[in-house]
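Below is one structure; the comments refer to it alone.
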Amino acid sequence: MGGSPLGQWPHGLSSMMASLACTLGIFNISRFAVLSVQFGANFIVQFLVMSLLLGIPLFTFHVSLGQLLGSGAMDMWRISPIFQGIGIALILSQALLGIYSIVGVSWMYVYFRDSFITKQDTYRWSEPYDIILGQNWKTNTTIKLEETVSNYFSAVVLQRSNLETPANAPGHLKFQVTFNLAVVWMIVFISLSKGLKSYGKVVFLFSLAPTFGMLVLCTKLLGLAPQGSKIQLGFPQSEWGEFFSNTKSWSAAMCEAFYTWGLLGASAMQMASHNRAKHHLHRDTSFVTVITLLVLVLAAFLANTCSQLLHYHGYTYIPSSFEKMSSYGFLHHVKGPPLLASMASTPPRFYQRSLFQVGERVIRPAVNTRQQSGYQALRLATELVPATLAVLGPGKLSPFWSVLFYFVLILFGIAQQLAIMHCVITGIMAIKVKTMKSWETTITFFTCVCGFILGLPMATELGIFVVYFLDYTVGGGWWIMLLYLIELIAVFMVRGRPYSGETVVATLFAHAGRFLQEWAAPILSFVWNVVLPVMLMVLCISVFKNGNYREMLRLGGMLNYDYWPAWSRHVGALIQLIPLLAVPFIGIVQSCRYLSSGPPDVFDRIQLLYRPSEEAMSPSNSDSIDPANADPETGNSNTTTPQNNAVEDPPPKYTPPPSYSTATGARIAKLMRQSFRRSVRRIQTAFAGGGGGGGGSGGGSGSGVGEGSSAEPPPPDYDTVLVEIHQSLSSDAGPTTSSTLATVSEVASRLRSSFRRAMSSQSQQCLVPSASPIHRDSIILEDKRVD
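Basically the working numbering = 1-based index in the sequence shown + 1064.
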């Protein structure tokens, strides 16, 4: 089909860079790195397996469908209008993810600012503060690293004033968090203000620069291990004997595969919709897959190196909870007080956990879950790396690497926010492309302003609690998984051809090699139709059960968390259920629109509702189709046709070309002339033979002929009948219509006039000599054979 009505990428590689931002961001890098520390190398292998079965097929499905239709999640449902609610729900999910996750990017600005120090200074997250200890800026007390890093995040980054117990009221806005949030939204607006013209250029900076920076950073940190130490590249938590038996590791790998490849599937579809029809999509997906896996594995080695460096200096990394000072500590010194027996005897890989978009929740054994949720956001950027930098100090590791690390995370975060907000903005414009295309900058501005305003509650005293609430309700993703499952069923099972798995996969491997077209394409099509729906269903049930979402959706009762108000249960239930309920509700509205008016046949109306024709699915007609006036065969609108017309119009009259008509008329006239001539000649020969054979005189002959003439009039001279068809062309006049048709009435009138002229001008004696003898012809006249 044609390209997107919203425009095409200014450069052939822009789509590749934008798609990379959908699979590689600050959040999945941090989450994957921490999970690899807690589960070991088992998790990396399990993640690769789940990526092949679930993640990569889901990603390739969205990008292939986007390029095939030239549409995003909102306007793709012209192929089946009854499922328009899926597109609206997916756009809403992307908007919610972008509004609250952008706060995590603003936190990195504080770490980035405080990384600019000299080698003689110390990092601010390794110093105690007066806001915590009630003393001067620097104190002479012993610095406890297991406290300072956590305190820095809560007191300086989040600017919380009550660390012992959470506040009861949100309080006023924190200037630092609000300002950083405004800066991020300004960058988003500037990058998207000109649509694809501006986004297609800045995407190279926000995708290539952090990828190259992460490669350099990991190479540097992997070489920090001193000679002769016990630090190694292996993962200490790896237990290969539990590779198949540890269900928690497999569950985490499956969730991480979905969050990496499928959570922003609607955004990836929008990026691919701007491709040209002959774009090499398999090249883009291969590049994105390789770079994503490479960066994630490098991040895993980075986190493993940090964990072993901390262990080398006497610290053990343990899961934390953000609520208060007694619970958000994540380091335990070997010389400190011993851990609880339950924590010391249970490895972290057996803890109960739930993964979200911004952070993860790890519930330690024998803790009060009403007071400690086990949630923490961006553990790699707020816990592991700052603690490692504080242990090493600026003397062993230059502050440049700290600046580079947080700069890379900021670029990754902004790149992903640009992808999300571009999907949201184009989804809004897809409602009426022709009208809203000229208002693209205005729509972008108001979208960014609304996102900033809606994110202000996360810049208050209780901002981290709001982030946890939204991460639990939105970032949990079980309802997004269900939406993708319904999308697969709608496209492949309800709509079907010409959008079957074979057709969609042909878009992906259109310019690929023979091996990919003959082997990879059928396998991928089978995964889309069979394996992927089953995997999404299993994952949705698993996440819903492990996350205990039934408690939030249950009417009545109290939440199992003291720091959320009672009304938050209803808000959380609405956030999760409204997108799901939008699918049947909009389906009912579409059914009423299409079934209440349209073609006379109700089956044609149903076909327009769930499976319209290809003409109706073209982007140029999608804005102007009205079900009340749509043609069931073409899907085009027909506003001038009255309601009492016949179901089938009569076929148009055929007007032959002039050359064909002329040739046919001349041939008929020639055949008629020859036939009349042969008949007259036979009659003339018969009369001439009868007069000579009787032996009578001329008078007898004359009387005989006279008697015959009185009984029957002689036939006319058909030699004078000429049927000519002239074609008149006027060179000096305008366009004229020349008639070359000889009708039956015209031929009959000319024959009658010729007959009259023959009767008045010629006699029988003149008729017979004028005839030419016809040999081999004979007739029977008065029982005599005449030759």
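All residues carry an ideal CB built from backbone N, CA and C; glycine is no exception.
Does the separation of the CB atoms of F1276 and N1106 fall below 7 Å? No. Outside cutoff.
Which residue from A1408, S1391, E1504 puts its Cα closest to that of R1434? Minimum Cα distance to R1434 is reached at S1391.
If we call anything under 7 Å between Cβ atoms a contact, is T1087 one with T1324? Cβ atoms of T1087 and T1324: closer than 7 Å.
In the DSSP assignment, the alpha helix (DSSP H) including R1095 goes from what residue to what residue? Taken as a continuous stretch (DSSP letters only), the alpha helix (DSSP H) holding R1095 covers 1090-1103.
Using 8 Å as the Cβ pair cut-off and three pairs as the minimum, do the segment 1418-1434 and the segment 1090-1104 touch? Judged by Cβ distances under 8 Å, the segment 1418-1434 makes contact with the segment 1090-1104, as three or more pairs qualify.
Can you tell me the Cα-Cα spacing of S1262 and S1255, whole angstroms? So the two alpha carbons sit approximately 6 Å from each other.
Cβ atoms of L1373 and C1282: under 7 Å apart, would you say? Judged by their CB atoms, C1282 and L1373 are not nearer to each other than the 7 Å cut-off.
Go ahead and pull the three-state DSSP assignment for Y1381. Here Y1381 sits in strand by DSSP.
L1154 vs V1352 beta-carbon contact at 7 Å: No, these two residues do not count as a Cβ contact at 7 Å.
Straight-line Cα distance separating H1575 from M1080: Linking M1080 to H1575 through their CA atoms gives a straight-line distance of about 16 Å.
So P1013 packs on G1264, CB below 8 Å; how close in whole Å? The first residue shown for the chain is 1065 and the last is 1851, placing residue 1013 beyond what the model contains.
Assigned exposure category for R1224 - 16 Cβ within 10 Å defines buried: Label assigned to R1224: buried.
For V1267, tell me which candidate among A1317, H1486, Y1216 has the shortest Cα-Cα distance. The candidate whose alpha carbon is nearest that of V1267 is H1486.
What whole-angstrom Cβ distance do P1663 and R1657 have, given they're in contact under 8 Å? Not quite, the Cβ-Cβ distance comes to about 14 Å (not below 8 Å), so this is no contact.
Check each candidate in M1622, F1147, E1678 and name the one with the smallest Cα separation from L1549. Comparing Cα-Cα distances from L1549 to each of M1622, F1147, E1678, the minimum goes to F1147.
If you pair each beta-carbon of the segment 1441-1455 with each one of the segment 1233-1247, do three or more pairs fall below 8 Å? Taking a contact to require three or more Cβ pairs closer than 8 Å, the segment 1441-1455 and the segment 1233-1247 do not qualify as touching.
Report the partner residues of S1606 according to the DSSP bridge assignment. None; S1606 has no bridge partner.
Taking 7 Å as the cut-off, decide whether the C-beta atoms of P1145 and Q1671 are in contact. If you check the CB distance, P1145 and Q1671 do not come in under 7 Å.
Within the same chain, show all residues whose beta-carbon is closer than 8 Å to that of A1797, passing over the 5 residues directly before and after it, in chain order. Annotation note: pLDDT 44 at A1797 (below 50); position unreliable, coordinate value reported separately. Nothing listed; no residue qualifies.
Please state the DSSP three-state secondary structure of V1568. Of the three classes helix, strand and coil, the one that applies to V1568 here is helix, per DSSP.
Take S1384 as the anchor and find which of S1813, A1483, G1393 has the nearest alpha-carbon. Of the listed residues, the one whose Cα sits closest to S1384 is G1393.
E1525 Cβ short of 6 Å to the ligand ATP heavy atom set: By its list of ligands, the structure shown contains no ligand whatsoever, and the ligand ATP lies outside what it can speak to.
With distances taken Cα to Cα, identify the nearest neighbour of I1605 among W1543, G1491, W1141, G1329. Closest in alpha carbon position to I1605, among W1543, G1491, W1141, G1329, is W1543.
7 Å CB neighbourhood of L1285 in its chain, flanking five on each side removed: In the same chain as L1285, and ignoring 5 residues on each side of it, the C-beta atoms closer than 7 Å to its own belong to L1366, T1369, in chain order.
Which residues in the same chain have their Cβ closer than 7 Å to the Cβ of M1114, if we skip the five residues on either side of it in sequence? Cβ within range, chain order: A1317, M1318, A1321.
Own chain residues within Cβ distance below 7 Å of L1617, not counting five before or after: Counting only Cβ-Cβ distances below 7 Å, and skipping sequence neighbours, we find A1637.
Please state whether the Cβ-Cβ distance between S1190 and A1405 is less than 7 Å. Taking 7 Å as the cut-off, the Cβ atoms of S1190 and A1405 do not count as close.
Identify which residue in M1500, G1457, G1329 has its Cα closest to the Cα of D1185. Comparing Cα positions, the closest option is G1457.
Taking the alpha carbon of W1304 as the point to measure from, which residue in L1070, G1104, G1651 has its own alpha carbon closest? Of the listed residues, the one whose Cα sits closest to W1304 is G1104.
Using DSSP with H/G/I as helix, E/B as strand and the rest coil, what is I1474? Helix, per DSSP.
Quick one: grab the DSSP three-state call for G1423. Reduced to three states, the DSSP call for G1423 is strand.
Would you list the residues sitting across from L1395 in a DSSP beta bridge? Answer by DSSP bridge pairing, in chain order: Y1381.
Just verifying my parser: in three-state terms, what is the DSSP assignment at A1479? Looking at A1479 - three-state DSSP - the assignment turns out to be helix.
Once DSSP output is grouped into helix, strand and coil, what is the label at R1417? Reduced to three states, the DSSP call for R1417 is strand.
Counting pairs of beta carbons, one from the segment 1333-1346 and one from the segment 1117-1137, are three or more of them closer than 8 Å? Using a C-beta cut-off of 8 Å, the segment 1333-1346 makes contact with the segment 1117-1137, since at least three inter-stretch Cβ pairs fall below that distance.
Beta-carbon within less than 6 Å of P1799's beta-carbon, same chain only, minus the 5 sequence neighbours each way: which residues are those? Summary for P1799: the model assigns pLDDT 45, below 50, so the residue's position carries little reliability; its value from the coordinates is reported in the next sentence. Within the same chain, no residue comes within 6 Å of P1799 by CB-CB distance, once the 5 residues on both sides are set aside.
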